[in-house]
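Residue numbers (the UniProt record's numbering): 1 to 693.
Here the structure comes first, spelled out in structure tokens, and everything after it is commentary.
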């Protein structure tokens, strides 16, 4: 593994020598919305990574979590070739500790499946805050947040009518005979802009060096629309709608493990048929003399899932269970104002969400449906403020404060026994309040070097399903509410260095965080019944270091690399925390040859050391890996009636290595197999084209 680290670092020195011999082309600046409004990433003290449009288009057929995992300190928990969950600095999105936002608006309701709702073709860029973000984004932002910024039509909206961003794209990959298509129609003019996207993707069970992985098929259809009207020069109203329906096998998670590829007698089959999303949002943006900026939104989202489950063969009496999950229906919004002064910038805002989980109905062995979950509701209303002061020496000091008020309630069930009913009544109409606060500093040292530091608190309010869990469907187990469940809390410190010049950007960050009242599900047996309850039992410490570098060596040659190390400990038991990635990183070199105009060649390598620091009661050691990938693309320019026609090729896992990502879920009570933990695809050839009109 030292050779892998040496490769990432040695490339920096070798390629640096070439810089003195040729002209340079500056790295482009990056604008993000990590602090609830648009600004340069160089003005933000937090650790922020961006996956840009160019990267998304080059990585043919990648899932959204795979793209996110290119950031330092971010790992993927594989769920097949179309989805997965992400882990940021030891915290998982499937545990509601790394929330997903879409265009700055919170997405809630399917933490294990939410990324399967989106295809990369819908996304303009992905912003990842690594580290706590509760001071601006509220509950759940323990490890960080992910913000998907969706596409919108570009061009001169005040000119005559014109087509904009109109194209047809198709991608194919060999590992699962998968196809991914998008037809995009855009128009701008007379103050209006509109973008309509039609998406379809389909894949069969995928191949690995260990054989085909059953139950990894998927079928995805969606329609998205984003339209706006700009008036009075600097004001814009926007309507966003989206409809998505996907069907897929579920493998590789705690829900789906150990999967259908496991040893006979220990199999588990889960199919999502379908997962459906309906979404509509109304947004407003205003700009008054670049001194006062307004950003407000109202949105509605509705989710529905049918899960077909065949439990472990021979383990449970039901041969088949069908869950019909209605909801949640989520109403939310934000109202943000930003005041830009000569030295002091002030941002104030209010945001809210109201989450209504209607019900979960269940059918056992194709029998009648019955309700097995109470209707639950959760309301979160918060206000926040951010102050940023720029000193004469270009130092920036920021301070932010946020207060959330959260109410959780649920409908009672008349069929409950008096004892159980009393427990639920004690947990009903729960009210939580939590203040979170933070400080950030960017301080120039010398040349292009800057010191960066952050202090942040974070929290996670108990989910409605943790306060009032799903009801039992058999007499052998019971799920109990917990009226005394506390909010999870965290305090994190970060310090490090940045270096920036016209050709190089680099960050080295060290962090440590203490967390208490972490919520886990405990179980015990009494009188032949297994009881389950969410409890505050864990205190934890997570520390680590992250390094990333982007280096424009020549005008047509760029190097990117990152390395991350994370260490977590359960402070009660002294044992390592589960779901902590080992030392890992990636290296990528991109070259645009002068002899072949409008083309690129890119090599990337993803690696991880062997995972040996484990709690052997819940994890097994995991082998390290180094996976090599190669991409090539060429724009043919104007071709007949087409404005542009481009081709892209790729080969991933060139040497057909058999490996499972470091954090892929594994049920250690079951035998190892191709799906326990889930193995990644083998050698995968990719081909795509994009025809612009």
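The beta-carbon is built from N, C-alpha and C at its ideal position, and this holds for glycine as well.
In this text the structure is predicted, and so the values were computed from the model without any measurement.
Taking the C-beta atoms as reference points, residue 299 is found nearer than 8 Å to residue 280. Taken atom to atom, the span from the alpha-carbon of residue 642 to that of residue 196 is near 19 Å. CA-to-CA, the gap between residue 515 and residue 443 works out to about 28 Å.
With respect to residue 330, residue 361 sits apart: the two C-beta atoms are not nearer than 8 Å.
Runs of the beta strand (DSSP E) lying entirely within the stretch 273–329, each at least 3 residues long, are 292–310 in chain order.
Residue burial is scored here from C-beta neighbours: residue 638 has fewer than 16 other C-beta atoms within 10 angstroms and is therefore classed as exposed.
In this structure, residue 522 lies away from residue 488, with their beta-carbon atoms at least 8 Å apart.
Taking C-beta atoms under 8 Å as the contact rule, residue 80 and residue 218 qualify, at a distance of about 7 Å. Just so you know, the alpha carbons of residue 597 and residue 56 end up roughly 21 Å apart. 557 is the residue among 557, 141, 530 whose C-alpha sits nearest the C-alpha of residue 504.
Note: residue 665 is not bridge-paired with any residue in the DSSP secondary-structure output.
Residue 468 has its alpha-carbon roughly 33 Å from the corresponding atom of residue 400.
Taken in chain order, the complete beta strand (DSSP E) segments of 3 residues or longer contained in the stretch 135–211 are 144–150, 167–173, 178–189, 192–203.
Taking a cut-off of 8 Å on C-beta distances, the stretch 229–237 touches the stretch 180–198, as three or more cross pairs fall below it.
Of the residues 593, 561, 613, the one whose Cα lies closest to the Cα of residue 569 is 613. Looking at 114, 102, 82, 105, the one whose alpha-carbon comes closest to that of residue 93 is 114. For residue 659, there is no enclosing alpha helix (DSSP H), as DSSP marks it with neither H nor E.
Inclusion of residue 583 and residue 550 in the CB contact set at 8 Å is not warranted, their separation being larger than that value. In this structure the stretch 244–260 does not touch the stretch 283–292; the number of beta carbon pairs closer than 8 Å is below three.
Separation of residue 458 and residue 158 (C-alpha to C-alpha, rounded to the nearest whole angstrom) is 44 Å. Boundaries of the beta strand (DSSP E) harbouring residue 438: 430–444, taken from the DSSP string.
Apart from the 5 residues on each side of it in sequence, residue 209 sits with its Cβ closer than 6 Å to the Cβ of 656, 658, 682 in its chain, given in chain order.
Bounds of any beta strand (DSSP E) do not take in residue 611, whose DSSP letter is neither H nor E. Comparing alpha carbon positions, the residue from 666, 651, 625 closest to residue 618 is 666. A straight line joining the alpha-carbon of residue 59 with that of residue 633 spans about 10 Å. DSSP places residue 464 in the helix class (H, G or I) of the three-state scheme.
In the DSSP secondary-structure assignment, residue 100 is bridged to 107, 146. With respect to the 8 Å criterion, residue 518 and residue 579 are not classified as neighbours on the basis of their beta carbons. Residue 365 sits in coil when the DSSP states are folded into three classes, being neither helix nor strand. Residue 169 holds the alpha-carbon nearest to the alpha-carbon of residue 690 among 426, 169, 626, 376.
DSSP places residue 43 within a helical segment (H, G or I) once states are collapsed to three.
Following the DSSP letters along the chain, one finds residue 523 inside the beta strand (DSSP E) bounded by residues 504–526. Counting only the Cα atoms, residue 173 lies some 37 Å from residue 137. For residue 57, the uninterrupted alpha helix (DSSP H) run begins and ends at 53–58, by DSSP.
With fewer than 16 other Cβ atoms inside 10 Å of its own Cβ, residue 445 counts as exposed. For the pair residue 180 and residue 244, the CB atoms are not nearer than the 8 Å cut-off.
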